[in-house]
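Trainee: One structure coming up, written as structure tokens, with questions to follow.
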Amino acid sequence: MNLHTYLLFNSIHYVMKAEELLKEAGMTIDLVPVPREISSDCGMCIAFSEQDLQKVISLVSGQGFPGEIQIYRRMARHEYQRIENERNKLTEQQ
Amino acid sequence: MIYLDNAATSFPKPPEVLAAIAHYATTIGASPGRSSHRLAADAGRLVFQAREQAARLFHVNDSSRIIFTKNVTEALNLAIFGLVQPGDRVLTTAMEHNSVIRPLRYLEQEGRITLEIIPASTAGEPDIDQLQRRLRQHSFQLAVLNHGSNVTGSIFPLARVISLLKDEGITVIVDGAQTAGAIPINLTTLACDVFCFTGHKSLLGPQGTGGMVLQEGIMPTPLIRGGTGSRSEAEYQPEFLPDYYESGTLNTIGLAGLGAALTFINQTTASEIHHRERELARKLWQGLSAIAGLRLYGPAADHDRLPIISFTLNKLTPAEIAFNLDRHHKIMVRVGLHCAPLAHKTIGTFPQGTVRLAPGYFNTDREMETVIKAIGKMAVHNPA
């Protein structure tokens, strides 16, 4: 399975929380360094398959994750595109 | 050997704590939240699990509001200095530890706050009538309150006091040094703004661990700023939890032990630990109260109390008693003022202090009998 979609959080705390949550839901995910093109952050993010996008969004919604959730897809080497998602629209409305 | 100094540092620790420390040291070893290799991820998971276990113990729904510090003193300093505003009128009680009194006296000395100290009874309970009177006289902005006394073992009626303070819109910081792990604590119902704890006492973890629980929306100014592993491109401190307060590499080896200790307490339950420790305290209290010339302090054994029993004996100084117990009976206790001169002034034992017996969850009934016998013998040899 190609894990070329990335879920990012501001703190490693939420990366660990999401990892536990998604693994418990039986999903195939991987912890990888945040791609340099997305952020200069030195942390980690969660890589998953884009076919699981809706499932990931619904699992991390309403679970006490703060504010905005960033999701990116890999387009090509060194090229990433932000994926807008319903969860962020909900957060903005609050 | 009989170790009765658990109110200073609990000993021994559950075997799981030592195993977790050894596991981290031998198979993980890396920094949490910094690099992104597998060992760094393992270290990150370990810190996350410690936070989750703490959140479970204190009934906190979001573990990012658990902030780790090196001990309760650091947590109290963070909360006090991070929330106080110039000109604040601050309330505290006459049963506080120096970890509360010294930061507050410093702020008072610097002219930054006005400090009001609520008196307490000789049993170590804060005077609620006096508190209500002061609340009518002045408007206060901040209160720093003990949850349980390290001198008398009294447990404060915090729910009632906090509700009085909250009616006046006062920010409340609680010192849970002696209560965290020793009694059930529900921070969803106990509406303090910051609850401070230490890892090495009743939480049964190693020294160098502690922290605070922030109620939702409470953001004290951090005590230190620096690298957090997050937002590395920014020259300003990230303002999200828990990173805002946790600059510099954490005490991961200590948190490995604390996480295992918290898991042990969650499995055993704080109410079972409290029940067992109350039995030990009751046994000690009953045995000691039969010794002529011995004076006990704090609430009697039938009260809901912590397993902390202070006493004096005839004309013997606390230091002489402790030396005798250690040298001749291998019984380890703490003497003197227990870093709480104000509390000793309240119960009338300043400046000499008391002998403090603080059994823990792993002490036995038989050990209590040995201790009572040893002190009884000393009383016979040193009549009034």
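Chains as they are written, first to last, in the numbering used here: chain A, -15 to 78; chain B, 18 to 401. Ideal Cβ positions, reconstructed from N, Cα and C, are used throughout, including at glycine.
(1) Just curious, the alpha helix (DSSP H) that B/Leu121 is in, first and last residue?
(2) Going by DSSP in three states, B/Leu181 sits in which element: helix, strand or coil?
(3) Among all the DSSP beta bridges, which residues are the ones paired with B/Thr371?
(4) Determine, for B/Ser53, whether the minimum Cβ-Cβ distance to residues of chain A falls below 8 Å.
(5) By Cβ distance, which residues of its chain are closer than 6 Å to B/Ile190, with the 5 residues on each side in sequence left out?
(6) Return the chain-ordered list of same chain residues with a C-beta closer than 8 Å to the C-beta of B/Arg73, the five sequence neighbours on each side being excluded.
(7) Look up B/Gly165 in the DSSP assignment and give the residues it is bridged to.
(8) Is it buried or exposed, B/Ile270, if we count other Cβ atoms within 10 angstroms and call 16 or more buried?
(9) Hey, does A/His62 have any beta-carbon neighbour from chain B nearer than 8 Å?
(10) Are the beta-carbon atoms belonging to B/Arg373 and B/Arg351 less than 8 Å from one another?
(11) Which residues, taken in chain order from the stretch 0 to 20 of chain A, show a beta carbon closer than 9 Å to some beta carbon of chain B?
(12) Identify the continuous beta strand (DSSP E) that holds A/Gln54 and give its terminal residues.
(13) What separation, rounded to the nearest whole angstrom, lies between the Cα atoms of A/Tyr(-10) and A/Ala31?
(14) Give the residues of chain A in contact with B/Phe257, contact being defined as C-beta atoms less than 7 Å apart.
(15) By DSSP's criteria, B/Arg312 is part of a beta bridge. Which residues make up the other side?
(16) Please tell me whether B/Leu100 has its Cβ less than 8 Å away from any Cβ of chain A.
(17) Kindly indicate if chain B contains any beta-carbon less than 8 Å away from that of A/Met59.
(18) Select from the stretch 59 to 82 of chain B all residues with a C-beta closer than 9 Å to any C-beta belonging to chain A, and list them in chain order.
(19) Does B/Val397 pass the burial test, meaning 16 or more other C-beta atoms within 10 Å, or should it be called exposed?
(20) Please list, in chain order, the residues of the stretch 229 to 259 of chain B that have any C-beta partner in chain A closer than 7 Å.
(21) With a threshold of 8 Å on Cβ separation, who are the neighbours of B/Leu175 within its own chain once the five nearest residues in sequence on each side are excluded?
(22) When burial is assigned at 16 or more other CB atoms within 10 Å of the CB, is B/His114 buried or exposed?
(23) Quick check: the Cα distance between B/Leu354 and B/Leu330, rounded to an integer number of angstroms?
(24) On a Cα-Cα basis, can you pick out the residue from B/Gly222, B/Met349, B/Leu313 and B/Tyr378 that is closest to B/Ile290?
(25) Quick check: B/Ile172 and B/Thr196, are their CB atoms within less than 8 Å of each other?
(26) Give a yes or no on contact between the stretch -14 to 1 of chain A and the stretch 48 to 58 of chain A, applying the rule of three or more CB pairs nearer than 8 Å.
(27) Per DSSP, which residues does B/Thr188 bridge with? Please list them.
(28) State the start and end residues of the unbroken beta strand (DSSP E) segment that holds B/Met229.
(29) Could you compute how far the alpha carbon of B/Gly141 sits from the alpha carbon of B/Asp319?
(30) Under DSSP, the alpha helix (DSSP H) around B/Pro358 begins and ends at which residues?
(31) Starting from the C-beta of B/Leu148, find all residues in its chain whose C-beta is less than 8 Å away, skip the five residues before and the five after it, and write them out in chain order.
(32) For B/Phe281, which three-state DSSP category applies?
(33) Could you name the residues of the stretch 31 to 56 of chain B whose beta carbon sits closer than 9 Å to any beta carbon of chain A, in the order they occur along the chain?
(34) Does the Cβ of B/Gly234 lie closer than 7 Å to at least one heavy atom of the ligand ZN?
(35) Within a Cβ cutoff of 8 Å, which residues of the same chain sit near B/Glu386, ignoring the five residues on either side of it in sequence?
(36) Return the Cβ separation of B/Lys347 and B/Met18 in integer angstroms, given the expectation that the two are a contact with Cβ distance under 8 Å.
Mentor: A quick look at the data gives this:
(1) Asn115 to Gln126
(2) helix
(3) DSSP, once it has assigned bridges, lists B/Gly353 as partnering B/Thr371.
(4) yes
(5) Ala96, Val161 and Val211
(6) Leu279 and Asn283
(7) BP columns for B/Gly165 point to B/Ile172.
(8) buried
(9) Contact with chain B is absent for A/His62, since none of that chain's Cβ atoms lies less than 8 Å from the residue's Cβ.
(10) Contact: yes.
(11) Met0, Lys1, Glu3, Glu4, Leu15, Val16, Pro17 and Val18
(12) Gln54 to Ala60
(13) 5 Å
(14) Near B/Phe257 (Cβ distances below 7 Å), the residues of chain A are Asn(-6), Ser(-5) and Pro50.
(15) B/Thr329
(16) Not flagged as an interface residue toward chain A: B/Leu100, since no C-beta distance is shorter than 8 Å.
(17) no
(18) Gly61, Arg62, Val64, Phe65, Gln66, Arg68, Glu69, Asn78, Asp79, Ser80 and Ser81
(19) Label assigned to B/Val397: exposed.
(20) Gly246, Ser247, Arg248, Ser249, Glu250, Pro255, Phe257 and Pro259
(21) Within its own chain, the residues whose Cβ lies closer than 8 Å to the Cβ of B/Leu175, once the five positions on either side in sequence are excluded, are Leu162, His164, Val191, Leu207 and Cys209, listed in chain order.
(22) buried
(23) Between B/Leu354 and B/Leu330, the C-alpha separation is close to 16 Å.
(24) B/Tyr378
(25) yes
(26) The answer is yes - the stretch 48 to 58 of chain A touches the stretch -14 to 1 of chain A, with three or more Cβ pairs under 8 Å.
(27) Answer by DSSP bridge pairing, in chain order: B/Leu159.
(28) Gly227 to Leu231
(29) 15 Å
(30) Pro358 to Ile364
(31) Leu108, Ile135, Val178 and Leu181
(32) helix
(33) If the cut-off is 9 Å between Cβ atoms, the stretch 31 to 56 of chain B has Pro49, Gly50, Arg51, Ser52, Ser53, His54 and Arg55 near chain A.
(34) You won't find the ligand ZN in this model; it holds no ligand whatsoever.
(35) If we look at B/Glu386 and ignore the five residues flanking it on each side, its Cβ neighbours are Lys300 and Gly304.
(36) 5 Å
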